[in-house]
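**Q**
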Amino acid sequence: MGKFSQYNIDLKKLPDQTTSYSFELNQKFFDAIDHEDVRKGNVKAELTVTKSRGAYEFDINLFGVVNIPCDRCLDEMDQEIDTTNRLVVKLGEEYFEESDEIVIIPEDDGAINIAWYLYEFIVLNIPIKHVHRPDMCNKAMMIEYRKYQAVPISDNDDEAEDDLDDASEKETDPRWDALKKLKNK
-1 MGKFSQYNID LKKLPDQTTS YSFELNQKFF DAIDHEDVRK GNVKAELTVT KSRGAYEFDI
59 NLFGVVNIPC DRCLDEMDQE IDTTNRLVVK LGEEYFEESD EIVIIPEDDG AINIAWYLYE
119 FIVLNIPIKH VHRPDMCNKA MMIEYRKYQA VPISDNDDEA EDDLDDASEK ETDPRWDALK
179 KLKNK
């Protein structure tokens, strides 16, 4: 019996109506996945599987909290997860991912393990930039951060980054300005 056997869904045995599943994705789940993006969390997964014309439609609702490192101070922070995803599974000759939402599995198997899909949907719900509020960051790390940064940035990174973008647009190399004048003639 594998570490993800509880996430196996035997499609051939599903009735022609909607079937519901519920999973608790806790520390044991994230330890078993053993992937660097998310190592801790407590997320509830609610699935409804609808069988229709040779395809199985999975509606997956994930909600809870995962623990990830702050991009600024590297301390752990909680990131709320609340997402709804759709996965369509079809039976075919061999395994094939037709698109992000459509998967074909071998008809001989007739079962799908959804553990990795659940993990991927969680990771896809995490923002690209994940940081604490500035007053929540590790103070010792922020002192070191400020010591080594090339451009002084205030506690409000978003506004400071916008200011830096504006400043870089205003300060152009005079040679480019001369070329622009030639171009405009």
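Take the sequence shown: its position 159, counted from the start at 1, is 157 in this note's numbering, and no numbers get skipped.
Just so you know, even glycine gets a beta-carbon here, dropped at the ideal spot from N, CA and C.
#1: On a Cα-Cα basis, can you pick out the residue from W174, M140, F27, Y54 that is closest to D69?
#2: Compare the Cα-Cα distances from K26 to each of L122, E95, F2, F94 and report the closest residue.
#3: Output the distance between the C-alpha atoms of K10 and G108, rounded to the nearest integer angstrom.
#4: Taking only the alpha-carbon atoms, compute the straight-line gap between A158 and V149 and give it to the nearest angstrom.
#5: Run through the region 59 to 91 for me and flag every whole alpha helix (DSSP H) of 4 or more residues, listed as ranges in chain order.
#6: Identify which residue in D133, N65, D32, I110 has its Cα closest to the Cα of N123.
#7: Starting from D8, trace the beta strand (DSSP E) both ways and give me its first and last residue.
#8: If you measure between the beta carbons of N24 and N40, is that distance less than 8 Å?
**A** Reading off the structure:
#1: If we check each option's Cα against that of D69, M140 comes out closest.
#2: With distances taken between Cα atoms, K26 lies closest to F2.
#3: Those two C-alpha atoms are separated by around 6 Å.
#4: Note on A158: pLDDT 48, under 50, position unreliable in the model; the coordinate value appears next. Distance between the alpha carbons of A158 and V149 is about 10 Å.
#5: Within the region 59 to 91, no complete alpha helix (DSSP H) run reaches 4 residues.
#6: Per the Cα distances, N65.
#7: 6 to 8 is the extent of the beta strand (DSSP E) around D8.
#8: The answer is yes: Cβ separation under 8 Å.
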